[in-house]
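Numbering of the sequence shown is given in the numbering used here, commencing with residue 1 and proceeding in unit increments. Using N, Cα and C, we set each Cβ at its ideal position, and we do this for glycine too. Since this is a predicted model, take the numbers as computed values, not measurements. Structure first, then comments.
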Amino acid sequence: MTISVRKLLAVALLGASLAGCGSDPASAPPKSADKSAPSAPGAVGAAAPVAQGAPTLAPGPGGLTPVFERAPVTARGEKVVALTFDADMTADQGPRAAGGEHFDNPALIADLRRLKVPATVFMTGRWAEEYPAEARAIGTDPAFEIGNHSYSHYAFKSDCYGLSVVGQGQARADVEKATAQFKKAGVRNAVPYFRFPGGCYNDEVLRELAPLKMTAVQWDVVSGDAFATNADAVAEQVLAGVKPGSLVVMHCTRSAAPVTDTALQRIVPELRKRGYRFVKVSDLIRGATAHH
Numbered sequence: 001m002t003i004s005v006r007k008l009l010a011v012a013l014l015g016a017s018l019a020g021c022g023s024d025p026a027s028a029p030p031k032s033a034d035k036s037a038p039s040a041p042g043a044v045g046a047a048a049p050v051a052q053g054a055p056t057l058a059p060g061p062g063g064l065t066p067v068f069e070r071a072p073v074t075a076r077g078e079k080v081v082a083l084t085f086d087a088d089m090t091a092d093q094g095p096r097a098a099g100g101e102h103f104d105n106p107a108l109i110a111d112l113r114r115l116k117v118p119a120t121v122f123m124t125g126r127w128a129e130e131y132p133a134e135a136r137a138i139g140t141d142p143a144f145e146i147g148n149h150s151y152s153h154y155a156f157k158s159d160c161y162g163l164s165v166v167g168q169g170q171a172r173a174d175v176e177k178a179t180a181q182f183k184k185a186g187v188r189n190a191v192p193y194f195r196f197p198g199g200c201y202n203d204e205v206l207r208e209l210a211p212l213k214m215t216a217v218q219w220d221v222v223s224g225d226a227f228a229t230n231a232d233a234v235a236e237q238v239l240a241g242v243k244p245g246s247l248v249v250m251h252c253t254r255s256a257a258p259v260t261d262t263a264l265q266r267i268v269p270e271l272r273k274r275g276y277r278f279v280k281v282s283d284l285i286r287g288a289t290a291h292h
């Protein structure tokens with residue numbers, strides 16, 4: 001199978017994952033006690049709005065929220081790459097979590113620490129609400145930064161992989177609700193970056209979110225880990241797509257991306273062998289703004 005065909009399949013699988021995230025109409029039951037144990041210190045409720053020093057891009061044309069997809073190649077040709085992990089959970093997936101479905105993946109986070117790989121986690125507010133101890137552990141670890149992935153994981157425009165759509169004029173409130181959940185969980189290293197569920201957006205929503213002064217973060221490498229069963233295929237796709245300044249989208253949900261952790265065991269050493277250095281999204285944006 002050629003890489004181009006594999007990429008098309010990956011996009012389709014990503015869409016299937018995102019569609020699945022918005023398909024459960026049941027309302028969440030009363031919140032059960034969080035069973036996850038924090039692996040990094042952090043005081044509940046002692047959260048700052050954003051991590052200090054995290055750069056943002058200048059507003060787009062007409063003051064629209066700026067969109068960042070990858071860092072430009074510098075004159076020095078620095079081999080840097082940012083691995084990002086979406087912590088997906090919708091506002092109405094509580095019954096599935098209560099039934100034993102795992103929307104978290106603590107082993108993956110542990111391996112990122114063990115491999116000394118800094119990363120950016122784009123977290124939904126509903127995920128932080130379901131796993132506050134894990135959110136706090138990730139959100140107080142200097143190796144990581146937390147980007148906003150909305151509260152509901154509903155689409156911010158219509159026709160987005162079958163996802164339910166946020167009500168008209170409610171996009172900003174949804175983002176702010178996620179921020180409130182991060183604070184409640186004790187996240188300290190939140191950054192002013194937002195990832196659209198499904199990667200779907202238009203000028204209307206970019207205009208609505210502009211007052212938040214955030215940078216929308218997309219990607220240039222689709223890992224293909226959504227519902228994948230072959231870790232080697234995921235690793236091959238990432239390794240084939242990464243270029244200096246790349247931004248890779250992956251997932252840290254066991255139910256929707258069960259082989260991501262295994263794929264990392266091959267991706268990380270191979271990229272290091274090729275001379276790449278792992279950075280956070282904030283580092284990519286800082287480098288991009290420094291060269292303008």
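Where residue i falls, given that 16 or more other Cβ within 10 Å makes a residue buried
i      : result
Lys177 : buried
Ala228 : buried
Asp332 : Only positions 1 to 292 of the chain appear in the structure, and residue 332 is not among them; the question remains open.
Glu69  : exposed
Lys273 : exposed
Arg188 : buried
Asn293 : The structure shown does not extend to residue 293, since the chain spans only 1 to 292, so no value can be given for it.
Ala93  : With the sequence shown as reference, residue 93 is identified as Gln, and Ala is not the correct amino acid for it. Gln93 comes out buried.
Ala290 : exposed
Ala173 : exposed
Val73  : exposed
Val281 : buried
Ala110 : exposed
Gly224 : buried
7 Å Cβ shell around residue i - same chain, five flanking residues per side excluded
i      : result
Pro192 : Val50, Ala54, Thr56, Lys213, Met214, Thr215
Ala158 : Inspection of the sequence shows that residue 158 is occupied by Ser rather than by Ala. The answer, listed in chain order, is Val165.
Leu83  : Val117, Ala119, Val248, Met250, Phe278
Ala107 : Asp261
Glu78  : Pro244
Glu130 : Met89, Ala97, Phe103
Ala288 : Ala71, Pro72
Paired residues, beta bridge with residue i - DSSP
i      : result
Leu112 : For Leu112, which the question treats as bridged, DSSP gives no partner whatsoever.
Asp174 : In DSSP, Asp174 forms no bridge with anything.
Met250 : Phe85
Met123 : Ala87, Asn148
Val221 : Val248
Phe194 : Asn148, Ala216
Val67  : Ala216
Arg274 : The partner list for Arg274 (beta bridge, DSSP) is empty, contrary to what the question assumes.
Val296 : No answer is possible for residue 296: it lies beyond the span of the chain, which begins at 1 and ends at 292.
For residue i, the nearest candidate out of the options (CA to CA)
i      : options                        : result
Glu204 : Ala171, Asn105, Phe194         : Ala171
Thr90  : Thr124, Val117, Cys200         : Thr124
Gly62  : Pro211, Leu239, Ala235, Val281 : Pro211
Pro258 : Leu206, Phe103, Ala180, Glu208 : Phe103
Met209 : Gly241, Thr289, Tyr276, Phe196 : Before going further, note that residue 209 is Leu rather than Met in the sequence given. Of Gly241, Thr289, Tyr276, Phe196, the residue nearest in Cα terms is Phe196.
Ala71  : Gly99, Asp174, Val242, Arg254  : Val242
Thr140 : Phe182, Asp174, Gly100, Gly199 : Phe182
Leu284 : Gln218, Glu134, Ile109, Tyr154 : Gln218
Arg113 : Ala173, Pro142, Tyr151, Ser150 : Pro142
Glu270 : Asn105, Pro95, Ser282, Leu115  : Leu115
Ala87  : Leu206, Gln168, Ser152         : Ser152
Gly100 : Gln265, Asp111, Thr253, Phe194 : Thr253
Beta-carbon contacts of residue i that lie in its chain and below 8 Å, excluding the five residues immediately before and after
i      : result
Pro66  : Thr56, Leu57, Ala58, Pro59, Gly60, Thr215, Ala216
Ala180 : Gly125
Tyr201 : Val67, Phe156, Lys157, Ala216
6 Å CB neighbourhood of residue i in its chain, flanking five on each side removed
i      : result
Ile267 : Ala235, Val238
Tyr276 : Lys79, Val81
Cys160 : Gly198, Cys200
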